[in-house]
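See structure below.
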Amino acid sequence: MNFKKLTFVNKTLSEIFNNNIWLFGFFLFLLFSVTIDGFSTRENYINILYHSVFIGILAIAETYVLLAKRIDLSIESTAAFSGIITVWLCSNSLYSSGLKLPIWFSLIFVIGFGLLIGLITGFLVVRLKVNSFLVTLASYLFIRALANEITQGHTLTGLPSTFLFVSEPTIFNIPLMVFIMLGLFAFFEYILRFTVFGKHLYVLGENKNMAAKMGINEAKISYSVFIIAGILASIAGWLIVAKEDGASVFIAQNYIFEVFVAVLIGRISVNGGKGNLIDVLAGCLILSMIKIVFVIYAFSPYFTDIFIGILIIIIASINAISERKNASVFYKKEQS
Amino acid sequence: MNRIKAILMIVFIVSSLVIIVSSKKKDNKTPILCYMTSGLTNGFNIQSTKYMEKFGEKLGYKVKILNANRSAEKQIQQIETAISTGVSALVIKAVDNKLIVDVIKKAKKKGIKILIYDNIIDGCQTDMTSVLDTEKVGEMVADECIRVLTNKYRKAQGNIFQIMGDLGDMYSIGIAKGFNNKIKKYKDVKVITKDTPHWEGQDKILDLELNKNKNIDIVFMHSDSHMTLLTNVLKKHKYKQGDIKLIGTDGDPDALKEIRSGWCHATIGVPVVSQVWGIFNFLKSIENGKTIKSGNYLIRDLNCKLVYKNKSPISYLPGIVITKDNVDDKTLWGNMHEF
């Protein structure tokens, strides 16, 4: 019997059952299923999962960075570049490279690219002490522009059929990509909970001085979170093009906003050191449900953007108030 | 306490599932038709949407408008949701006619009628496509260009700067094909062609060209939506009305305005109302499983040509040449100011 695994499963289940976000998610699910015509179909339930795959993977990336009290705006562009470059390297379309490289090479290439972006960001943030917001804002701009420069803004299609091994298979009619996302959530949640790295990440995000006193290597952790974010973003981009059999210049556009909604619903603190990926998964699913309801009611995309903007403000405010409240309770306890 | 919470949670989930499963299906007698528009940022799309609603409801459909706001990914997700929530027909104005192929195949498998508007989708079977006969439009523009050049030089000679749209868009490809095929017969007419990915930056391309080339007689762009911007570029380079003739396609209100002001020589107008009706004209027959024969049909007083391509019927509508002589015609969509 693997007790460590059992503990992980038990802890995960208890986290779900004791959690208001999941409760809220189930409430919305029930409400939409009963009240909205066309919502309660098997295909639609699968769509809720399917439409949260890419945002979900990017949300894992952003969660790691936020836990370290940093921010990464470049994950959207890293995903876009990885997607576009994958099609450029592998497809036989008019504007591709003509190299027709194999699928495994493209995956290694984009992972390498994500790693490189993470290293550069880490170097600028850790060694040169540049603010992570500014660094990743700059890379947000130039990485996508770089991809568009390579393709001259054209849509690239014509991926080899080998990509169908990723996009086509289903297990119980649920696309493989959903299981890839859930697997990544489980793996990275495991790292957060049960590894020294995870514990150090929380300590560093919560209190930098304490981390220093404990001998935690801040530079190493900061490098690691940016590298993890880069790699996950590049995997997300690779999966997007596998699903869509091509890439346009608008690939993954505005995903960063949805990622922030998901992590904020998932109660990840922008002040670092608080939150977990189980809640973030709930955040992704809630967001996915809301987006599907908007499609069913045929709301305009402008309304959707207004809603997302307002949602970010509301959730961020709720999180800030609750953090302040928790801090004051902690202070009173300390005093007494 | 935690155990009680867990039990409550399980009861809640189970009861939710029971309610969902046992909830009676609502009355779905009114079939739903979704019009998936690529965006609503230009007059043509807005006008098309208006008539989609009008004609769809006239035929007894509940019409839903879904705006992808120029995102192919968003459009694909919208179609996936529409499939899973149960629609009878999808009318699609595709953001990207290549990326959309897979999801159309998925919808077809579910028995949903697929109707394509204003674009031709290759690589999958569809139930009807209603488009402007773009090759014919290209030929009409070529005729107009030859008329302009002959008036200017007394013979067909001169330089035309052709600004295409996105090379992934069959609309632009069709226009260029018709135009180039016709114009190549005139050996003294030189055509310089540039494309604009995603139809953006037409004004910048013209600006760059005018910096190095002062011998352009005609600027022909495959869309009217940047007409005013192009006029501004000509003004910036100190040209006056008529020095360089602008010719466009669409019949956009901006193009009509520039025809009146003398900057634009002509545009080929799209018969929006007929093109939308081209979708609905055959819809009942399609639903009843009837095969639509190829041939010529009269669609709202316009002769359309119906042909089969990859086992999919395509209805081609002719364009209308708009010059200063007929620019105030109230039936042109660019003059319908209700939107």
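Quick note, the sequences are listed as chains P and D, same order. Using the working numbering, read the first sequence as starting at 14 and increasing by one per residue. Using the working numbering, read the second sequence as starting at 275 and increasing by one per residue. Ideal Cβ placement from N, Cα and C applies to all residues, glycine included. Quick caveat: nothing in here was measured; it's all calculated off a predicted structure.
Exposed or buried, what is residue i when buried is set at 16 or more other beta-carbons lying within 10 Å of its beta-carbon?
{"i": "Asn33/P", "result": "exposed"}
{"i": "Ile331/P", "result": "exposed"}
{"i": "Arg337/P", "result": "exposed"}
{"i": "Asn341/D", "result": "buried"}
{"i": "Asn227/P", "result": "One detail in the question is off: residue 227/P reads as Met in this sequence, not Asn. It counts as exposed."}
{"i": "Trp537/D", "result": "buried"}
{"i": "Val238/P", "result": "buried"}
{"i": "Val148/P", "result": "buried"}
{"i": "Thr467/D", "result": "exposed"}
{"i": "Gly593/D", "result": "buried"}
{"i": "Ala333/P", "result": "exposed"}
{"i": "Glu5/P", "result": "Residue coverage of chain P in this structure runs from 14 to 349, which leaves residue 5/P outside it and unanswerable."}
{"i": "Asp462/D", "result": "exposed"}
{"i": "Met190/P", "result": "buried"}
{"i": "Glu331/D", "result": "exposed"}
{"i": "Tyr427/D", "result": "exposed"}
{"i": "Ile323/P", "result": "exposed"}
{"i": "Tyr310/P", "result": "exposed"}
{"i": "Lys157/P", "result": "A quick correction: the sequence has Arg, not Lys, at residue 157/P. The residue in question, Arg157/P, is buried, as its Cβ has 16 or more Cβ neighbours within 10 Å."}
Quick one: what does DSSP say residue i is sitting in, helix, strand or coil?
{"i": "His213/P", "result": "helix"}
{"i": "Ala243/D", "result": "Outside the shown range of chain D (275 to 613) lies residue 243/D, about which nothing can therefore be said."}
{"i": "Thr541/D", "result": "strand"}
{"i": "Tyr108/P", "result": "coil"}
{"i": "Ile632/D", "result": "In the structure as shown, chain D starts at 275 and stops at 613, and residue 632/D therefore has no counterpart that could be examined."}
{"i": "Asn570/D", "result": "strand"}
{"i": "Leu86/P", "result": "coil"}
{"i": "Ala260/P", "result": "strand"}
{"i": "Leu277/P", "result": "helix"}
{"i": "Ile395/D", "result": "coil"}
{"i": "Asn60/P", "result": "helix"}
{"i": "Asn425/D", "result": "helix"}
{"i": "Lys298/D", "result": "Note on Lys298/D: pLDDT 49, under 50, position unreliable in the model; the coordinate value appears next. Note: Lys298/D maps to coil in three-state DSSP."}
{"i": "Asn319/D", "result": "helix"}
{"i": "Val288/D", "result": "helix"}
{"i": "Arg55/P", "result": "helix"}
{"i": "Gly563/D", "result": "coil"}
Between which two residues does the alpha helix (DSSP H) carrying residue i extend?
{"i": "Gly522/D", "result": "Unbroken run through Gly522/D is the beta strand (DSSP E), 519–524; no alpha helix (DSSP H)."}
{"i": "Asn455/D", "result": "444–457"}
{"i": "Ser404/D", "result": "Where Ser404/D is concerned, there is no enclosing alpha helix (DSSP H), although the beta strand (DSSP E) it sits in stretches over 402–406."}
{"i": "Ser119/P", "result": "116–135"}
{"i": "Glu162/P", "result": "145–164"}
{"i": "Arg534/D", "result": "527–535"}
{"i": "Gln515/D", "result": "Gln515/D -> no alpha helix (DSSP H), and no H or E assigned at all."}
Relative to the C-alpha of residue i, which residue among the options is closest?
{"i": "Val100/P", "options": "Phe239/P, Gly259/P, Phe201/P, Ile303/P", "result": "Gly259/P"}
{"i": "His496/D", "options": "Asp462/D, Val544/D, Ile490/D", "result": "Val544/D"}
{"i": "Leu591/D", "options": "Ser404/D, Ser499/D, Gly452/D, Ile560/D", "result": "Ser404/D"}
{"i": "Ile566/D", "options": "Leu572/D, Val581/D, Arg574/D, Asp417/D", "result": "Val581/D"}
{"i": "Leu80/P", "options": "Asn339/P, Ile326/P, Asn284/P, Cys297/P", "result": "Asn284/P"}
{"i": "Phe494/D", "options": "Asp524/D, Asn485/D, Pro471/D, Lys486/D", "result": "Asp524/D"}
{"i": "Val547/D", "options": "Arg421/D, Gly608/D, Gly439/D, Leu503/D", "result": "Gly608/D"}
{"i": "Ala92/P", "options": "Gly250/P, Leu277/P, Ser282/P", "result": "Gly250/P"}
{"i": "Thr315/D", "options": "Leu307/D, Lys336/D, Gly334/D, Asn343/D", "result": "Asn343/D"}
{"i": "Gly243/P", "options": "Leu43/P, Ser180/P, Glu89/P, Pro314/P", "result": "Glu89/P"}
{"i": "Ala275/P", "options": "Lys304/P, Val262/P, Leu252/P", "result": "Lys304/P"}
{"i": "Lys383/D", "options": "Val365/D, Lys372/D, Ile357/D, Tyr391/D", "result": "Ile357/D"}
{"i": "Gly334/D", "options": "Gln349/D, Ser362/D, Gln352/D", "result": "Ser362/D"}
So who's on the other strand from residue i, going by DSSP bridges?
{"i": "Met438/D", "result": "Partner(s): none; Met438/D has no beta bridge."}
{"i": "Pro587/D", "result": "Tyr582/D"}
{"i": "Phe494/D", "result": "Gln436/D, Ile521/D"}
{"i": "Val411/D", "result": "DSSP output for Val411/D lists no bridge partner at all."}
{"i": "Ser335/P", "result": "Per DSSP, none; premise fails for Ser335/P."}
{"i": "Pro173/P", "result": "According to DSSP, which records beta bridges pairwise, Pro173/P is partnered with nothing at all."}
{"i": "Ile187/P", "result": "Ile184/P"}
{"i": "Asn577/D", "result": "Leu572/D"}
Starting from residue i, trace the beta strand (DSSP E) both ways and give me its first and last residue.
{"i": "Thr467/D", "result": "463–468"}
{"i": "Lys338/D", "result": "336–341"}
{"i": "Ala311/P", "result": "No beta strand (DSSP E) holds Ala311/P; DSSP gives it neither H nor E."}
{"i": "Ala363/D", "result": "363–366"}
{"i": "Cys308/D", "result": "306–311"}
{"i": "Met610/D", "result": "Met610/D -> no beta strand (DSSP E), and no H or E assigned at all."}
{"i": "Lys387/D", "result": "387–391"}
{"i": "Ile596/D", "result": "594–596"}
Should residue i be counted as a contact of the ligand FAD given a C-beta to heavy atom distance under 7 Å?
{"i": "Asp528/D", "result": "Judged by which ligands are present, the structure shown has none, so any question about the ligand FAD falls away."}
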